[in-house]
Amino acid sequence: MSDASKGLRLYNTLTRTKEDFFPIDPRNVRMYVCGPTVYDFAHIGNARPVIVFDVLFRLLRHLYGQAHVTYVRNITDVDDKINDRALRDFGGEIASGKLSLNEAIRRVTEKTADQFHKDVATLGCLEPTVEPRATEFVEPRADGKVDMISLIQRLIERGHAYVAAGEVLFDTASMPDYGHLSKRNLDEQQAGARVAVDPHKKNPGDFVLWKLSSPEEPGWDSPWGRGRPGWHIECSAMSAAYLGEVFDIHGGGLDLIFPHHENEIAQSRCAHGTDVMAKVWMHNGFLQVEGQKMSKSLGNFYSINELLETETFGGRKWPGEVLRLAMLMTHYREPIDFSVRKLEEAENTLRKWKRAADIAPAAAMQLPVEVVEALSDDLATYSAFQVLTQLAGEAVDFNAAGDGNATAGNDAAASLKAALSFLGFDVTPAKVDEDAIARAIAKRLTLIAAGNWAEADRIRDQLLAQGIQLKDGKDPVTSARITTWEVKR
């Protein structure tokens, strides 16, 4: 194997095989991941690709150097769902003239984008290198970066798009191998199955690049009239603007393979005349909640923020790094069943790892090569976690043995701490608010005296989740119930 691959192997959806990864330019490894459409708070399913590709971003920076990796994750802030949300939330103010629709849209997108950033930071995710917003790339730019209107014009000039009924549509028949990513050809596509049926289309699978806006809708001036872009053209423009016509990795959820990613490929390749848009396409698997498809109608639809800030799932709030570990315990390409049991398992595992990592002295940490090797095998996080569990056991056992084993125990703890930090978990010593603990214990004792054992147990479990273990006993003089505590991480 050439040293240029750094031993990294990734599963490529385009070829359906695991391949050695060779960047186009090792001095600038380029990755694009589809980001959120900011019409509402991001749900827990949205968190999975953010976490998965954060791990890949960290790995690429380790292998190629932080300065040699460019990670672009976009914000979609122009979309009909955003328009609908603005009308729902601010319809009265729009009708009375207090707000324009554009001002209402900006309020919706700013609020939801800010919340998304706070949520994913709590999940331990690094900021991407660049985070472009779709609205910044609709019209030709002063800096000359690729924009949507120019890209659409190029597709028309090259015979890959046409104007009909006020829309600009991509002509799927103009691309002989359209459907290569999803393994669908035009003959197999059924009108009505994720394919809009319109009489003005040349082919049922043709998709919108530009659509007209009514006077009440947001829009931009274009050669085809005042309108707004289709969804797919946004990512083609933003990825080309920062990563070029062909780049290394494109990622997202499995649900985006068709039509979104398929149509991105069609637009980009036909506009630029290239054989590929991205060399490697990576997709994370679907997410279920407690064995069922996540759905508002089933009452199992949770935003990231709800899980972090409210007691709606399992009757308690969940720390961001527990959510992160629960996501990574299943291989990214496999479906995941997001459950209270899985979160509890992640919480207990993380507590054991951190307790062992606390043994490490303040000396420099060194990332274990076994962790890098595991992640380099198509992000095999489960194998990496086995290494962490082994290191935790060594750290505790060697230090318990004492004497000449202490050095080995400290080394294992230091390696564990380095691995945890690398994977996005907080390894700083836990700060203990003794006054808050005392208040919680006093409240719990009052609940016990009143026979409210359920609420008393809930307080105990909340403290344990924070690494505070309670121990009940009796005062040797008065025989009154007393409670002591210790930090267990």
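For this note's numbering, count along the sequence shown from 1 and bump the result up by 78.
Every residue gets a Cβ at the ideal spot worked out from N, C-alpha and C, and that includes glycine.
Asked, Found
"Limits of the unbroken alpha helix (DSSP H) element including T467", "T459 to A479"
"Residues bridged to Y56 [DSSP beta-bridge criterion]", "Shown here, the chain extends from 79 to 567; a query on residue 56 therefore has no answer."
"Element boundaries [alpha helix (DSSP H), containing Y142]", "I122 to Y142"
"Residue environment, P210, which counts as buried when at least 16 other CB atoms sit within 10 Å", "buried"
"Nearest-angstrom beta carbon gap, A125 and L201 [assumed within contact, 8 Å]", "6 Å"
"C-beta contact flag for V505 and K521 at 8 Å", "no"
"Identity of the residue in E448, P218, T148 and V186 nearest S493 by Cα", "E448"
"Proximity to L466 [Cα-Cα], best of K374, A452 and A242", "A452"
"Exposure of A269, with buried meaning 16 or more beta-carbon neighbours within 10 Å", "In this predicted model, A269 has a pLDDT of only 44, less than 50, meaning its place in the structure is not dependable enough to derive any value."
"Inter-residue spacing [alpha-carbon to alpha-carbon] between V216 and G170", "29 Å"
"Residues sharing a beta bridge with L204, DSSP", "Looking at the DSSP assignment, L204 forms no beta bridge with any residue, so it has no partner."
"Three-way DSSP call (helix, strand, coil) for V367 in this model", "strand"
"Through-space distance from E97 to P439, alpha-carbon basis", "40 Å"
"Within 8 Å, strictly: CB atoms of L321 and T148", "yes"
"Residue interval of the alpha helix (DSSP H) (run including H361)", "Per DSSP, H361 belongs to no alpha helix (DSSP H); it is in the beta strand (DSSP E), A356 to N362."
"Meets three-Cβ-pair contact criterion under 8 Å: the region 358–376 and the region 412–424", "yes"
"CB contact flag (L573, L501, <8 Å)", "Residue 573 lies beyond the range of the chain shown here (79 to 567); nothing can be said about it."
"Option in E188, H140, D192 and I537 with minimal Cα separation from E389", "I537"
"Selected residue, minimal CA-CA separation from K223, among S178, I311, A486 and A318", "A318"
"Outcome for M79 when other beta-carbon atoms lying within 10 angstroms are tallied against a minimum of 16", "Here the model assigns M79 a pLDDT of 39, short of 50, so the residue's position is not dependable, and the following value carries that caveat. Classification for M79: exposed."
"Closest Cα partner of Q144 within the set Y117, R108 and G113", "R108"
"CA-to-CA distance, Q464 to P101, given in whole angstroms", "29 Å"
"Contact set for H140: own chain, Cβ-Cβ below 8 Å, skip 5 residues either direction", "L445, V450 and F500"
"Buried or exposed by the 16-neighbour rule on C-beta atoms within 10 Å, applied to R163", "buried"
"Beta-carbon proximity check, I311 vs L287, cutoff 8 Å", "yes"
"Simplified DSSP state of T250, which is helix, strand or coil", "helix"
"Under the three-state DSSP convention, the category K159 falls into", "helix"
"Secondary structure, beta strand (DSSP E): runs of 3+ residues fully inside the region 286–358", "305–307 and 325–331"
"C-beta neighbour in chain C for R236, strict 8 Å", "In the displayed structure, chain C is absent; only one protein chain is listed."
"Nearest candidate by alpha-carbon position, reference K432, set Y410, L403, T408 and Y117", "L403"
"Span separating the alpha-carbon of A356 from that of A191", "27 Å"
"Contact belief for H258 with F248 at Cβ below 8 Å, rounded distance in angstroms", "Not confirmed; about 15 Å, so no contact."
"Proximity to T115 [Cα-Cα], best of D158, A527, N106 and M372", "D158"
"Residues that DSSP places opposite N90 in a beta bridge", "T95"
"Reference L86, options E245, D103 and L137, closest by Cα", "L137"
"Contact between the region 335–343 and the region 223–235 (3+ Cβ pairs under 8 Å)", "no"
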